[in-house]
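Position one of the sequence shown corresponds to residue 1 (the UniProt record's numbering), numbered consecutively onward.
Cβ atoms here follow ideal geometry from the backbone N, Cα and C, with glycine treated the same way.
On a predicted model such as this, the values are computed, not experimentally measured, just so you know.
The structure appears right after this line, and notes come after that.
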Amino acid sequence: MSDKRPKVKVKSFQEWMEVNIWGLLIVLGLVLSVGGLVEIVPLFFMDKTMEHNKFPEIVWEKAGQEPIVTVGEDGKEQWNWQPGDGVRPLTAVELAGRDVYQREGCYLCHSQMVRPFRDEKERYGHYSLASESMFDHPFQWGSKRTGPDLARVGGKYSDEWQRQHLYDPRSVVPESVMPSYPWLEESYLNGKKLRRHMGGLRLVGVPYSDADLAAAPALAEGKTEMDALVSYLQVLGTMVTLDESKAYRE
């Protein structure tokens, strides 16, 4: 008795793909690539995709021209930007906080994207704009909310509350399922590493000035990862003041 299996006769290209796994994978790759390009590429050439093209006040006009913050001879921080002035790159300390946010997987339980729905607006505030994430590499929109959305958490709680919540979440929110992060108070920032990081971001289009990079070591000196994460959380949603009377999206 022969062990040879009868050959399957195919009558169409679809039937050929159904019996040829590699052919199916190649065709799927081509179709998905073309479909993705057709949907995504036009967005880079449409002015209405980024709201600041129509509403330039969304972005800080001095970004890349003047330093965001410097450290004076007396050791005090001197800010050229104020909350509401517009979207700008993160400072060295805020950037370090975002790195901690990513490293600890905060984005797995928290989103940073307020959708244009009434219930979300009432709970979290104005819906998020694409231009608010224009300097994020990568963006932190998230896809799950085990905890609340953080897109506009800046200023909602005090620095001390945020520290205590990170150190021992259940001491301020008894029903919280968030893990504790006590070790953040024991790890200090590396200013030189942050300066290199900012330089890398500048290569991909983030408008950091030379003064921003130069100020990084001084800004990071003596600060812990806890300080950095709190600084990052406190700036979220505070960069631009959105006008409720304006229709930022069509």
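Taken in chain order, no unbroken stretch of beta strand (DSSP E) lies wholly in the stretch 78-129 with a span of 3 residues or more.
Taking the C-beta atoms as reference points, T238 is found nearer than 8 Å to P83. For I68 against D212, the beta-carbon gap comes to about 6 Å, under 8 Å, which counts as contact.
Secondary structure of E185 (DSSP, three-state): helix. Non-local C-beta neighbours of M198 in its own chain, meaning closer than 7 Å and more than five positions away in sequence, comprise A92, L95, Y208, D212, L213 and A216, ordered along the chain. In terms of Cα proximity to S231, the closest of G72, L166 and D243 is L166.
By the Cβ criterion, the stretch 187-196 is in contact with the stretch 218-235, since at least three pairs of Cβ atoms, one from each stretch, lie closer than 8 Å.
L229 is a Cβ neighbour of L184, given a cutoff of 8 Å.
Secondary structure of V71 (DSSP, three-state): strand.
Our two residues, I40 and D74, have alpha carbons roughly 49 Å apart in a direct line. Residue range E225 to V235 is occupied by the alpha helix (DSSP H) that includes V235.
M178 and E18 have their C-alpha atoms roughly 46 Å apart.
Shortest Cα-Cα distance from S131 to any of P182, K48, G35 and V27 involves K48. Nearest C-alpha to P138 among Y127, K121, L201 and S171: L201. Using a Cβ distance threshold of 8 Å, P169 and S176 count as a contacting pair.
Residue pairing from DSSP places A63 in a beta bridge opposite E66.
Put simply, the backbone Cα of S111 is about 11 Å away from that of G105. Beyond the five residues adjoining it in sequence on each side, T70 comes within less than 6 Å, by CB distance, of Q78 and A215 in the same chain, given in chain order.
For F117 and E250, the gap between their C-alpha atoms comes out near 14 Å. Apart from sequence neighbours up to five positions away, the residues of its chain that approach R152 with a beta-carbon distance below 6 Å are Y124, G125 and G237, ordered along the chain.
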